[in-house]
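Only one structure is covered here, and it is reproduced in the block below.
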Amino acid sequence: HHCFSKSEDGYLYCEGLRVDEIMESVEKRPFYLYSKPQITRNVEAYKNALEGLTSIIGYAIKANNNYKILEHLKNLGCGAVLVSGNELKLALRAGFDPTRCIFNGNGKILEDLVLAAEAGVFVNIDSEFDLENIVAAARIAGKRVNVLLRINPDVDPQVHPYVATGNKNSKFGIRNEKLQWFLDAVKEHPVELKLVGAHCHLGSTITKVDIFRDAATIMVNYIDEIRAQGFEIDYLNIGGGLGIDYYHAGAILPKPRDLIDTVRELVLSRGLKLIIEPGRSLIANTCCLVNRVTGVKTNGSKNFIVIDGSMAELIRPSLYDAYQHIELVSPAPANAEIATFDVVGPVCESADFLGKGRELPTPAKGTGLVVHDAGAYCMSMASTYNLKMRPPEYWVEDDGSLSKIRHGETFEDHIRFFEGL
Ligand code: LLP
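In full-length UniProt numbering, the protein residues as written are 68 to 488.
As structure tokens, this is what we get:
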């Protein structure tokens, strides 16, 4: 059962609520619409897959930092994966258990590392200078930091180059030829650092689980090598990156269970605890961006549906040429002509599209149009370009009612940045 479904008479529902009726009941502007029960179901899929292993599900907050969603994920037992001091502060405020949180990143600054050391979260070592900063932070905080080595295993994730991170020429992690340097450096700082594991993250939108198995095999070999030098490490962190079915065309893609099953034996064979860092596969399919059709036009050989949402609210198509499925929320009139459209926003550039070459019935002005799978890297990457203020967010609760879970940004919010200057 998935939260968004079309009824036989052509209306889109989110759980039990008709999306066109929701549109009538809320502010007239683009908004994000989530299903809380779908978030729960996605977490359950990981929990069930992980049965029999000692594990941490570290939700990657960068995918979606809505506070109500974070509280819900925390209540479901998730930890958190953080890439900035602000994400760390938010995770702590939302009540995540620091011993289930991991601070990642290739450019962590000293101030943020001090917060991490004080809070007692795991910290991934990404480079020589990062190790120096972690040592300095440990001294300032007066705490020993549990660290993992972020190893760059040089595995090709077979994804868009902008979301590949585990190849040898990427800016992330450390390469094998330097491993010994890092082990020696950790040994020199027994008061500040406790090495507890090894981490890798290959990239995002990965749709073949063999890629994870290849990486886990490489990582387990490193762990053997590290243990052989007397380090008692128990965590293997295989990062995030599992893709989802953006196309809605009936493809069978790997599920959390397939991912965990490919690494299970390896993890058990070494008595390891497994950390995973899912973002997209936990949250993307729980949400749509809901827009209104402003009008339809034709230029040259192109037909356009112009909507009120844009690349400011949702940038993945513009930035990565990403496909996100688009549909109308209500049935088209019987005489509506079916045509091929580019779905575009009102922003002043040609990169402003949500979808290209989509076959759709010609919609009337005011019709609702949704962009699916908008729960991950959409609101969290929204901007205020053209002063399109960031949209409000709603979810359907467990009891089927609708609640606002984030206020929409307003013009007044923008003016406030200049008050008193
Ligand atoms: N762990 C680390 C160290 C990461 O860098 C990331 C994502 C994750 C976990 C979570 O990966 P996920 O399970 O969500 O694939 N903005 C891009 C995605 C960038 C991903 C960055 N790192 C997009 O919209 O497709």
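Beta carbons: idealized from backbone N, C-alpha and C, even for Gly.
{"Item": "According to DSSP, residues forming a beta bridge with residue 56", "Value": "The displayed coordinates of the chain run from 68 to 488. Any statement about residue 56 would go beyond what the structure contains."}
{"Item": "Cβ-heavy atom distance, L309 to the ligand LLP, below 8 angstroms", "Value": "yes"}
{"Item": "Reduced DSSP secondary structure (H/G/I, E/B, other) of A401", "Value": "coil"}
{"Item": "4-residue-minimum alpha helix (DSSP H) runs that sit fully inside the stretch 156 to 226, ordered along the chain", "Value": "177 to 186, 195 to 208"}
{"Item": "DSSP-derived helix/strand/coil call for F98", "Value": "strand"}
{"Item": "Classification of C168 by the beta-carbon crowding that lies within 10 angstroms, buried from 16 upward", "Value": "buried"}
{"Item": "Buried versus exposed call for C415 [16 or more other C-beta atoms within 10 Å across all chains shown]", "Value": "exposed"}
{"Item": "Buried or exposed (CB count within 10 angstroms, at least 16 for buried), S397", "Value": "buried"}
{"Item": "Pairwise C-alpha distance: F239 and P228", "Value": "14 angstroms"}
{"Item": "N- and C-terminal bounds of the beta strand (DSSP E) containing Y80", "Value": "79 to 81"}
{"Item": "Own chain partners of Q391 with C-beta closer than 8 angstroms, once the 5 adjacent residues on each side are dropped", "Value": "Y313, L381, R383, P384, L421, G422, V438, H439, D440, A441"}
{"Item": "Pairwise C-alpha distance: I405 and V214", "Value": "57 angstroms"}
{"Item": "Residue range of the beta strand (DSSP E) that includes F371", "Value": "369 to 374"}
{"Item": "Assigned exposure category for I293 - 16 Cβ within 10 Å defines buried", "Value": "buried"}
{"Item": "8 angstroms contact criterion, which T434 and V360 should meet: CB distance rounded", "Value": "5 angstroms"}
{"Item": "Simplified DSSP state of D251, which is helix, strand or coil", "Value": "helix"}
{"Item": "As assigned by DSSP and simplified to three states, the class of H481", "Value": "helix"}
{"Item": "Alpha-carbon spacing of W248 relative to E178, whole angstroms", "Value": "25 angstroms"}
{"Item": "Residue environment, E244, which counts as buried when at least 16 other CB atoms sit within 10 Å", "Value": "exposed"}
{"Item": "Local Cβ density within 10 Å of H481, reported as buried at 16 or more and exposed below that", "Value": "exposed"}
{"Item": "Where Q296 falls, given that 16 or more other Cβ within 10 Å makes a residue buried", "Value": "exposed"}
{"Item": "Terminal residues of the beta strand (DSSP E) in which V263 lies", "Value": "260 to 266"}
{"Item": "Same chain only: Cβ atoms within 8 angstroms of L157, ignoring 5 sequence neighbours per side", "Value": "I128, N132, Y134, L137"}
{"Item": "Residue from D375, A399, P104 whose Cα sits closest to the Cα of T353", "Value": "P104"}
{"Item": "Any non-hydrogen atom of the ligand LLP closer than 8 angstroms to T407 Cβ", "Value": "no"}
{"Item": "Residues near K141 by beta carbon distance below 7 angstroms, same chain, minus five either side", "Value": "A161, G162, F163"}
{"Item": "Unbroken stretches of the beta strand (DSSP E), 3 residues or longer, contained in the stretch 431 to 475", "Value": "435 to 438, 460 to 463, 469 to 473"}
{"Item": "Distance CB(I327)-CB(L341) smaller than 9 angstroms", "Value": "yes"}
{"Item": "Which of helix, strand or coil DSSP assigns to G310", "Value": "coil"}
{"Item": "Residues sharing a beta bridge with A231, DSSP", "Value": "G270"}
{"Item": "beta-carbon M446 near the ligand LLP non-hydrogen atom, thresh 8 angstroms", "Value": "no"}
{"Item": "E394 - DSSP class collapsed to helix/strand/coil", "Value": "strand"}
{"Item": "Proximity test, K129 beta-carbon vs the ligand LLP heavy atom, cut-off 8 angstroms", "Value": "yes"}
{"Item": "Top-ranked residue by Cα proximity to residue 556, from P459, F478, F279, E94", "Value": "Past the boundaries of the shown model lies residue 556; the chain is included only from 68 to 488, so the question cannot be answered."}
{"Item": "DSSP state of P104 mapped onto helix, strand, coil", "Value": "helix"}
{"Item": "Near the ligand LLP: E344 beta-carbon under 8 angstroms from a heavy atom", "Value": "yes"}
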